[in-house]
Amino acid sequence: MPSTSFLTDISINHYLILSAILFSIGMAGVLLRRNIIVLFMSIELMLNAVNISFVTFSHYFDKVDGQVMVFFVMTIAAAEAAVGLALAVSIFKRFKEVNIRFFEHLKG
Amino acid sequence: MSHQMLIAILLLSPLVGFILNGVRFRSSNYLLAGSIATGAVAVSFACAIALFMQLVGLPPEQRRLTVSFFEWISVGSFKVNAGFVVDQISAIMILIITGVGSLIHLFSIGYMHHDKGVTKYFAYLNFFLFNMLILVLGDSLLTMFVGWEGVGLCSYLLIGFWFNDSAKAAAGMKAFITNRIGDAAFIIGMFILFMTFGTLNMHELNGLAPTIMESSWLGAVTLGTLMLFIGATGKSAQIPLYVWLPDAMAGPTPVSALIHAATMVTAGVYMIVRLNPLFVVAPNTMMVIAIVGAATAVLAATIGLTQTDIKKVLAYSTVSQLGYMFLAVGVGAFGAGMFHLMTHAFFKALMFLGSGSVIHAMHEEQDIRKMGGLKKYLPITHFTFVLGWLAIIGMPPFAGFFSKDEILWFAYSSPRGHILLWIAGAIGATLTAFYMTRLMALTFWGSSRVDKSVHPHESPLVMTIPLMVLGLLSVIGGWVGIPHVISEFVGHIPNFWEHWLEPLITKLPEASQVAHSATEEWALMGVSVSLASISALAAFIMYTKKAGAADKVANAFGPVYKLVDNKYYVDEAYFGVIINPLVSASRDLWHYVDVNVIDKATYKITDLVRGGGSFVRSLQNGNMQQYAMYVVLGVVIALSYMLVG
Amino acid sequence: MTADVFIFWFLAILTIVSALSVVLMTNPIYSALSLAMTMVSVAAIFVTLQAYFLAGVQLIVYAGAVMVLFVMVLMLFDLKNELQAFSRGKFTGAIKVGAVGILAGLIVGAVGSFIMAGKSGAPVTPEASTSADATKALSEHLFFNHVFGFEALGVLLLVIAVGTVALSRSKGGTHAKH
Amino acid sequence: MMLSLLVFLPVFFALVVAIWPQKSTVRHLALGFSIIEFLVSLLMLQKFDSNSAALQMVEKVSWIDRFGISYFMGIDGISLMLVMLTTFLTPIIILGSWKSIDQRVKGFHSALFILQTAMLGSFLAMDAILFYVFWELSLVPMYFIVGIWGGSRRIYATVKFFIYTMAGSVLMLLAIIFMMNLTPEVTGGVMSASLLDFYKLEIPFISGDFFTTQTMLFFAFALAFAIKVPMFPLHTWLPDAHVEAPTPGSVVLAGVMLKMGTYCFLRWVIPLFPEATEHYGWIFIAAGVIGIVYGALVAMVQPDVKKLVAYSSVSHMGYIIVGLFTMNAYGLNGGLYQMLNHGISTGALFLLIGMIYERTHSREISKYGGLASALPIFTIIFVIVTMSSIAVPLTNGFIGEFLILLGSFQYSPAVAAVSVSGVVLGAAYMLWMVKRVFFGPKGQLVLESEKDAHHALHDLSAREIVVMAPLLLMIFWMGLFPNHFMDYSKVSVDYLIKNKMNYSFPTGAEQAHTEEK
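Protein chains in written order, with the working numbering: chain H, 748 to 855; chain L, 2 to 646; chain D, 277 to 454; chain S, -16 to 500.
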């Protein structure tokens, strides 16, 4: 029965679908939220979704490279969060607000 | 001296005079300028005589001296040399041009001595002669065209000589542009002939002229000659392009004598005579020429009746006389045309110079209503003027009689003539007699109407000598071509003129179909002379004996008089129908086509680009979430294309 | 239903629910806490995929350091519930939601159909290995094959640290007079 | 080496002028340089073999191998004339702008020299890409010359000028690239941008079908050149550019830059697309004829002298276009000759207008009047140049115009009949302008100058006479002895006409003249 096998046989596509859903949720956050900090959180969500994919592939194809990549992604994510939050702090200092709309001033 | 050398000197002498005077154009030393210029022309005249003598020394068939200095244009099969030729026709022309020219130069020394621009004046005059000599000597249509345009240019410069007067400058411009219209046709004519015969050399063209008559209007020869004739109407002031000549009287009077009476305006006649073998095979063109000539002769004569400016009267008279010449060549009497060209050069130059003497004496007054009784103040001028008057109204044995009667005779008797042409010519002659007598009467005879402040005086010798010489020529000039009927009657005087030109004149192929008797000729001669005498007498009485008779006649013909007095409103019509609409149409072209259509169209295109740009710019609004959305949309589209499409 | 399956479904649902609450909570503090929850469950998923080391790093770096950073900044700002948590514009909002939905649908559909189609190459279930073995393999790979990238990351982090300080300092630097 | 020297010497000059420390002698230096350049071109003229239609003094160095682009230059009788015109006019322009350019003198002369390089380069380049580079390069200095030293609406004019020309060139670039993609057929699989390889191409053409390769390429090229010429109805940039350009800019523009368009018709369009030229040539003839009449009519009603002369250029360039597309010996020779004539007489007219503008600071015809008594020498020279412009015989203009008309008559009498009206209209607008400016009672400007000693009108200075003298000399020389000039180009033009359906430079002689490096 396909339906039961879908529920009981956990295969690579379950993980990938999970990753896709998580990615989409993160993306929705990026698109919809106005608070810049929440925006960053959503970005973290997306990065995590990608990480899941990496690890999944790494696991199922028995290659360590995927995990190395996750390692890198995490580092970048941390760095990005640091810089982004620093920017958010600067914006907040100037406008007393963390609304993403204030970033429009950066367009010049 | 070899003829090559002579031709070179003949041509270059006026050019040197032009340069010598041209570089010191600011000088007002009239004697020096006048001597240089007159000397230059006199040298040319001497060369012309020498060349003429050389020609006379040759047997009639070989009377053709040619020289080619260099190859001027050579492109493909189109080759034109800077070549010049002296033959029977051009020899006469150079004699007239340099002979009458030197007299007029001499006269100018006296006439222009008070003018500040005298050196410039003489420079222009010399330059004119240079171009005129190129015109008559050129061995191809294109070399002729060089002079053709060159004389137009000089005419432009000399008519507008007193350029501070706007009207005079405008007259010069009008002359040039009107001439240019003719020149444009002339160019087309050259093209047609070149494409048909493959050459522009006139000697070769004449040799190549077909022997079969061209009856179609659209034949190459007919069209080509017709175009050349349109060129001639411009240069020689025929309908419809005659309007510039009366205005050209704005120039100094000797200029009118030289350019607008004796030489330049006859270029059209000369050109047709040069190419007579071609014209002969195009009877349609000949017919047009004859009709236009006759019409011009009559029309200009009627306008001449009412003019009050002494020079304008002479100008319309010139137009009318040129009409005669065209009538002559139009009926195939090329010799007669040339003959009248020569006698006209004598007596019309004489009358213009005489009028110059009068104007000089009257302190620049040109209105004949303010003259009268000048006979006693200007005896020499009056006497010579009388000779010219008798010549132009065709009194025997003055020059004009022989040439004009020959034209009238041919207009009737030639196979291409017609009794109507003769009638037109006779009417023209009658009118001519009338208005010329009127001119004489108002200027020299009758009671004086001269303003008290003006004290007329006879002109100096330097001005009267040319008058006397021309006066003499006006008397005897016609004796070289005495018609057979008269010569047989008087004794056996040979007709030099006919013999001289014979080798170059093509006989009309349909000649000798109708025999004309000597009686007919005598009768016609008698009719025209008596018509002229009667009308001259009438004018004499009207303008000297019976004061007010002229006004009565004018009133009786009220509207007609007004029409004639306003020169048939031709100038007004040209302005109203052609020039003004053209100028305003051009303005519309500029404003609407250039500014409103072409520029607006390009603006529309730029607006499109700008619109596109501002749409793209609105996407770039700084809202990062929207940017993100575009990315997502892009991914969605790309992915759905990859997966679904 | 084996334990593996149960654990997967449990973690998957937990991840999705907490992720959703990150996006949907109006109070950023709740969002932050939900994010921490997500991180933890993702770490657990790593464990099910036998990436033990990464799971640890995930817990330390994400659920630890990064989350602390977020929470600290939030505390610094002292934000209340936002009046407008979501961007304005119904139309663009609809487009955004629609786009996200379609994208998710596309990926899910694609992944699902790919596996359906590629049944023949049934996924090799790797043999379970110990945490030590896995970590050793990873570290060897990292330090033998990717050592340059690793060092470059180190430099990047240094630059980031300097940049962050530069960005967040007061105008004119620490010693500037105002 | 000769050609490279000729082309790149001005770049060197531009650099020297730009870094020359002494401001007061920059003009002298530039004048000297331009004369050197002219002497170099004379040297080249002397080495040129006018009996050969071959490409001479060829230089070919590979440049971008992968696409077959090379540094390929050569000269034949057609380009020779234009090269000489360019080098001849430059010293005159520099001397003519002695007074009128008083700001950023160095920059101006540098720009002028670079412009010279670009113009010479586009006349001599035998490689499509190299040609394109020079072609576009010529826009840049001109842009600055008009944009910096121009009149009050200069920005509008420069932008218009630039965009018009660019719009055309872009299509041409596309066409060049397309043709480069076709070249492997004839070169044995290697891409090439050499004009010689382009000539070998047999570009498919189906008569009656508008959308064939050759027709499309033909129009892409022709559009670029037609804008440059400028051909009606693409001419509207020209009056604006001329009016706003400084005098030297106008002279270069009218004297040489417009010729780039007509020259390229002769070098690129006609030999490359013979069938299309034959089939669609009538469009250009028609546009040329309309241009003749239209330009003359619009010129007649211009209130601004410079604009009048600009529109007269439209009319004259119409003649050239008609001449070139008649595709017979008279039309082509006349067209080529008319290019030189127009360069000289219109250049002279612009110089003269510049001189009078320096004195009165006005170009409005209605304010003039009676100048002839105030400035006699100026008037004489102006009238002579006018005569050349309206093609009075014994001046240069006549030869060109006559031959073009003869060619057009051979093509179709109707074309000649319409274009001959330009002869009349040309006289009308020029003489009317002369009458209003120089003759008649003293106008506003002359009266003002008489009242105020400060603005007194001085007749031409010795320098200005020296500027005009060579032009006047050329006007008469070219009018009296056209063969002296045509002999250089005749062989090439005749060869082009004879082999127009399958044109390529004669190869036997070519090898003899090649200095392959």
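Yeah, the Cβ is synthetic: ideal placement off N, Cα and C, and Gly gets one too.
As the structure is a prediction and not an experimental result, all values here were calculated from the model.
Just how far apart, CA to CA, sit residue i and residue j?
| i | j | result |
| --- | --- | --- |
| Lys395(D) | His417(D) | Legend: pLDDT at Lys395(D) = 42, less than 50; position of this residue unreliable, value from coordinates given subsequently. Approximately 31 Å between the Cα atoms of the pair. |
| Arg445(D) | Val387(D) | 46 Å |
| Gly647(L) | Ile369(L) | Residue 647(L) is absent from the structure shown; chain L starts at 2 and stops at 646. |
| Val293(D) | Ile606(L) | 55 Å |
| Leu12(L) | Phe70(L) | 12 Å |
| Ala298(L) | His467(S) | 47 Å |
| Ala442(L) | Pro484(L) | 31 Å |
| Ala393(D) | Asn760(H) | Legend: pLDDT at Ala393(D) = 43, less than 50; position of this residue unreliable, value from coordinates given subsequently. Rounded to whole angstroms, Ala393(D) to Asn760(H) spans 12 Å at the Cα level. |
| Val400(D) | Ile757(H) | Residue confidence is low: Val400(D) scores 49 on pLDDT, short of 50, so the model does not pin down where it sits. No coordinate-derived value is stated. |
| Ser78(L) | Leu201(L) | 11 Å |
With a CB to CB cut of under 6 Å and the five nearest residues on each side skipped, what residues in its chain are close to residue i?
| i | result |
| --- | --- |
| Phe96(S) | Pro(-7), Phe(-4) and Ala(-3) |
| Gly504(S) | The requested residue 504(S) is not part of the displayed model; chain S covers only -16 to 500. |
| Leu165(S) | Leu184 |
| Tyr306(D) | none |
Take residue i and list the residues in its own chain whose beta-carbon comes closer than 7 Å to its own, dropping the five residues that flank it on each side.
| i | result |
| --- | --- |
| Ala170(L) | Gly161 and Phe164 |
| Arg666(L) | The requested residue 666(L) is not part of the displayed model; chain L covers only 2 to 646. |
| Leu104(L) | Pro467, Val470 and Leu471 |
| Val320(L) | Ala238, Tyr243, Leu246, Thr297 and Ala301 |
Would you check if the distance between the CB atom of residue i and the CB atom of residue j is smaller than 9 Å?
| i | j | result |
| --- | --- | --- |
| Gln285(S) | Gly352(S) | no |
| Leu306(L) | Phe445(L) | no |
| Phe340(L) | Gly294(L) | no |
| Ala237(S) | His325(S) | yes |
| Ile373(S) | Gly409(S) | yes |
| Tyr294(S) | Val281(S) | yes |
| Val333(D) | Thr314(D) | no |
| Ala392(L) | Leu375(L) | no |
| Ala210(L) | Val282(L) | yes |
| Val817(H) | Leu330(D) | yes |
| Lys483(S) | Ile253(S) | yes |
| Val226(S) | Thr100(S) | no |
| Val565(L) | Ile304(L) | yes |
| Asn782(H) | Val845(H) | yes |
| Thr264(L) | Val101(L) | yes |
| Lys312(L) | Thr382(L) | no |
Got a sec? Which residues, its chain only, sit under 8 Å from residue i by beta carbon, not counting five neighbours each side?
| i | result |
| --- | --- |
| Leu(-12)(S) | Val23 |
| Pro504(L) | Pro61, Glu62, Arg64 and Gln89 |
| Pro359(S) | Asp442 |
| His4(L) | Leu52, Gln55, Leu66, Val68 and Val87 |
Along the stretch 277 to 296 of chain S, what residues have a CB closer than 8 Å to any CB found in chain L?
Tyr277, Leu280, Val281, Met283, Val284 and Gln285
Can you give me, in chain order, the residues of the stretch 621 to 643 of chain L that have a beta carbon less than 8 Å from any beta carbon in chain D?
Gln626, Gln627, Met630, Val633, Leu634, Val636, Val637, Leu640 and Ser641
Any contact of the stretch 260 to 277 of chain S with the stretch 214 to 223 of chain S, i.e. 3+ C-beta pairs under 8 Å?
yes
Anything in the stretch 294 to 326 of chain D with a Cβ closer than 9 Å to a Cβ of chain L? List those residues in chain order, please.
none
Please list, in chain order, the residues of the stretch 387 to 401 of chain S that have any C-beta partner in chain L closer than 8 Å.
Leu388, Leu389, Phe392, Gln393, Pro396, Ala399 and Ala400
Taking three-plus beta-carbon pairs below 8 Å as touching, is the stretch 20 to 38 of chain L in contact with the stretch 111 to 124 of chain L?
yes
Do three or more CB pairs link the stretch 79 to 91 of chain S to the stretch 52 to 59 of chain S at distances below 8 Å?
no
The stretch 330 to 358 of chain S: which residues have C-beta closer than 9 Å to a C-beta of chain B, in chain order?
Structure shown: chain B not included; protein chains present are H, L, D and S.
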